[in-house]
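Heads up: the sequence shown is residues 813 to 1229, going by this note's numbering.
Idealized CB from N, CA, C, for every residue including glycine.
A quick write-up on the structure given underneath.
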Amino acid sequence: MTELQSERRKGNWHRLWRPFFEGWAVLKDPNSRSQHIFAYWTRDQIRALGLYTSSEERRLSNNVVWQSFVLIQLAISIASLFYGIYESIGDIVNLGRDLVFTITCLFIVFRLAFFAQYGDDVDMVINALEDFHHRTIKGPGSKEVQTTKRLHFLLFMALLVIWLTFLVLFIFIKISTPFWMESQILPFHVAWPFHLHDPTKHPITHAIIFVSQSTTMLYYLIWLGFVENMGVSIFFELTSSLRVLSIELRNLAAFCQGDENLLTAELHRLTKFHQQIILLSEHCNDIFNKAFIMQMMVNFVLVSLSLFEVLAARKDPQVAAEYLVVMLMTLGHLSFWSKFGDMFSEESEQVAFAAYEAYDPTVGSKSIHRHFIFFIQRAQQPLTMSASPFPPFNLKNYMFILKQCYSILTVLTNTLD
813 MTELQSERRK
823 GNWHRLWRPF
833 FEGWAVLKDP
843 NSRSQHIFAY
853 WTRDQIRALG
863 LYTSSEERRL
873 SNNVVWQSFV
883 LIQLAISIAS
893 LFYGIYESIG
903 DIVNLGRDLV
913 FTITCLFIVF
923 RLAFFAQYGD
933 DVDMVINALE
943 DFHHRTIKGP
953 GSKEVQTTKR
963 LHFLLFMALL
973 VIWLTFLVLF
983 IFIKISTPFW
993 MESQILPFHV
1003 AWPFHLHDPT
1013 KHPITHAIIF
1023 VSQSTTMLYY
1033 LIWLGFVENM
1043 GVSIFFELTS
1053 SLRVLSIELR
1063 NLAAFCQGDE
1073 NLLTAELHRL
1083 TKFHQQIILL
1093 SEHCNDIFNK
1103 AFIMQMMVNF
1113 VLVSLSLFEV
1123 LAARKDPQVA
1133 AEYLVVMLMT
1143 LGHLSFWSKF
1153 GDMFSEESEQ
1163 VAFAAYEAYD
1173 PTVGSKSIHR
1183 HFIFFIQRAQ
1193 QPLTMSASPF
1203 PPFNLKNYMF
1213 ILKQCYSILT
1223 VLTNTLD
């Protein structure tokens, strides 16, 4: 039994680090590409952490025990944070700090609930994207497709490394705050019955709470980092599929060489591929709709609250810097999704241009011409990463959110003055 447990732990560690080894191997070999899509690797990392709550994972007894343990830890943390909010009433700076981290914990709870409800649907989407990734591409565009997939994989791997680096730095800064800020005795301000969190009265329980807070924060923020990267990478894989489709369309004439039968077959194949991407993107928007709404609301509240607290704590540079870091991370998170939403929409529009370039009115029958016209018309409708009834995720709407945050900040600042 011990050997089996050791192998399982080794397997989980392997799944956690293997994407980075894969990225290094792809970087070293210009002619290689990843064995799997990025969403597949990040899903493996979430599974390695033991907190991927699809129906398949919930059937594993070891996962159930571990998930119950970490969920209890999270529930205790949230309860103590709420108790801390009650203590902070009347102190704007500390109250804002408590609200920021309590909202973040509630966001994590919502993400957990999302995977419990939609984990199987996410698996289905990732499996479909895996099939797209392993499609055989023939003809003159095959090398360009391989290069594109390699560059896209390396781009997202670099973003994952950057995100995790900043996340781990933030975690260690937060853990160390009690050692350089006199106003804090724990990484997060909490309150416990009988003053169990007070180091002068209960040094042992204070040490236990300190370790519990540190490990829980480390675990859940790294888990959240993988979850967010997996969510964005799903839409990025759809973007990559659209890019591959555009490449195949632009090389269609060179591949068919005037062969009308081959042109008809290839055009039908590419039309079907485009239809699959459209249906899958619509399904992704349905799956992530509630998550997108919650994400937009949480980001809006956190940016507004952090900006206000930076001004409220402007006489205390250490506290102001802490809020500034939180605000920058929130803005980075929102811009991360918005930029990839923009890329998704822009690439979907490029398909229409590629189809127009592929169309040759001197080649093929009227049915082929009508097929091209239909393809071009349908591709002119851009695909979006949307959260109905809210507007799509893109940089234009991102700037609108920032303007609204600034308006709210102006009102709050006037109230503060």
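{"Query": "Give me the DSSP bridge partner(s) of Ala1199.", "Result": "Phe1202"}
{"Query": "On the three-state DSSP scale, how would you describe Lys950?", "Result": "coil"}
{"Query": "Going by beta-carbon coordinates alone, are Pro1201 and Asn1209 separated by less than 8 angstroms?", "Result": "no"}
{"Query": "Is the Cβ-Cβ distance between Ile915 and Val1113 less than 8 angstroms?", "Result": "yes"}
{"Query": "Between Ala1164, Met1155 and Lys1215, which lies nearest to Val1044 when the distance is taken from Cα to Cα?", "Result": "Met1155"}
{"Query": "State the Cα-Cα distance for the pair Ala837 and Leu907, rounded to the nearest angstrom.", "Result": "48 angstroms"}
{"Query": "Quick one: measure Cβ to Cβ for Gly953 and Ile1059, integer angstroms, because I've assumed they're closer than 8 angstroms.", "Result": "5 angstroms"}
{"Query": "Using DSSP with H/G/I as helix, E/B as strand and the rest coil, what is Phe982?", "Result": "helix"}
{"Query": "Could you give the DSSP three-state label for Glu1078: helix, strand or coil?", "Result": "helix"}
{"Query": "Here's the rule I'm using: 16 or more other beta-carbon atoms within 10 Å means buried, otherwise exposed. How should Gln1025 be labelled?", "Result": "buried"}
{"Query": "Taking the CB atoms as reference points, tell me whether His1145 and Asn1101 lie closer together than 8 angstroms.", "Result": "no"}
{"Query": "Expressed to the nearest angstrom, what Euclidean distance is found between the alpha-carbon atoms of Gln1107 and Phe919?", "Result": "8 angstroms"}
{"Query": "List the endpoints of the continuous alpha helix (DSSP H) containing Leu998.", "Result": "That residue, Leu998, is in no alpha helix (DSSP H); it is neither H nor E in DSSP."}
{"Query": "Span of the alpha helix (DSSP H) holding Trp853?", "Result": "Phe850 to Ala860"}
{"Query": "For Ser947 and Leu1057, what's the separation of their Cα atoms in angstroms?", "Result": "This sequence places Arg at residue 947; Ser is not what is there. Their backbone Cα atoms lie some 11 angstroms apart in a straight line."}
{"Query": "Taking a contact to mean a Cβ-Cβ separation below 8 angstroms, would you say Gly1153 touches Met1109 in this structure?", "Result": "no"}
{"Query": "Mind checking which residues open and close the alpha helix (DSSP H) that includes Pro1015?", "Result": "Pro1015 to Arg1062"}
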